[in-house]
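The sequence shown begins at 7 in the numbering used here and counts up one residue at a time.
Beta carbons: idealized from backbone N, C-alpha and C, even for Gly.
To start, the structure itself, in structure tokens.
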Amino acid sequence: MNDDQIRKLLQAVQDGAVSIDAAVSDLARLPFVETVDARVDTHRAIRQGIPEVVFGQGKTPGQMIEIVEALREAGQDALITRIQPEAAQEVQAAIPNGTYEERARVLHYGRDRVEDVGKGTIGVVCAGTADLPVASEAVVVAERFGNRVELLKDVGVAGLHRLLASLDVLRDARVLIVVAGMEGALPSVVAGLVDKPVIAVPTSVGYGAALGGLTALLGMLTSCASNVTVVNIDNGFGAAHVATLINRL
């Protein structure tokens, strides 16, 4: 339930279209719904502007099914990140009409298209093809949160001319998410070209000394560009969440 839904409910009570008892029943779902293994936060959209999202990694299909059912019964869309294809198939078998974005590893239920509530475009800049799963997660999540998104693919620093050819995309965006592995240099380069926030996402892509993304993370944290902030390794979701809040300001 979100602010708009509560306003509509209260207006319906005032107009006499919904009884007080029915409204109390709806509001009784707040602030959470208890399942066997979870307390599903149906109040989060009211507090934070964005509803609860399910982190699929480490959860069984049965647990995810229970959570999705609780969210849907509360009148909310459902979004699962980090869900592998086999688990997604099991969830979809139990709850039809979901859409699985395999490269992003995201399964979502609800509206086909989410209304645009952002003030501008979120640009997602992806260094290499191997970074696309993380960048795709950021794209899908940002779109499901009501943003216009533009993706630039394979524009890493090994061929900087590829990035410079799309300067208009960088400068037109309201906030940028920059996804890179290896040494993680791309966010600093992008940030030096624009006058807007850059959210850097290190990925676990790279050979041995990349240390599963730690090298990229430390490089991004020590960026000399002052408009760079950093989320955790492979955290496309977190970057999309923060970018959404910035895009609504």
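For residue i, the nearest candidate out of the options (CA to CA)
i	options	result
Thr250	Ala84, Val130, Glu40 and Ser229	Val130
Gly225	Leu138, Val120 and Pro208	Pro208
Ala245	Tyr213, Ala222, Ile205 and Ile252	Ile205
His167	Asp122, Phe151, Ala133 and Val147	Ala133
Ala80	Gly62, Ile86 and Glu58	Glu58
Arg117	Val42, Leu170, Glu108 and Asn103	Asn103
Bridge partner(s) assigned by DSSP for residue i
i	result
Thr250	Answer is none; Thr250 lacks a bridge partner.
Glu107	Val112
Leu85	His114
Terminal residues of the beta strand (DSSP E) in which residue i lies
i	result
Ala186	Val181 to Ala186
Val236	Val234 to Val236
Residue environment, residue i, which counts as buried when at least 16 other CB atoms sit within 10 Å
i	result
Thr135	exposed
Lys65	buried
Tyr115	buried
Phe243	buried
Asn238	exposed
Val30	exposed
Start and end residues, alpha helix (DSSP H) containing residue i
i	result
Pro91	Pro91 to Ala100
Gly225	Leu220 to Leu227
Val74	Pro67 to Glu79
Which parts of the region 18 to 64 are runs of the beta strand (DSSP E), unbroken and 3 residues or longer, counting only runs that do not cross its ends? 38 to 40 and 45 to 47
Would you list, in sequence order, the uninterrupted beta strand (DSSP E) runs of no fewer than 3 residues that lie entirely inside the region 128 to 212? 154 to 158, 181 to 186 and 204 to 208
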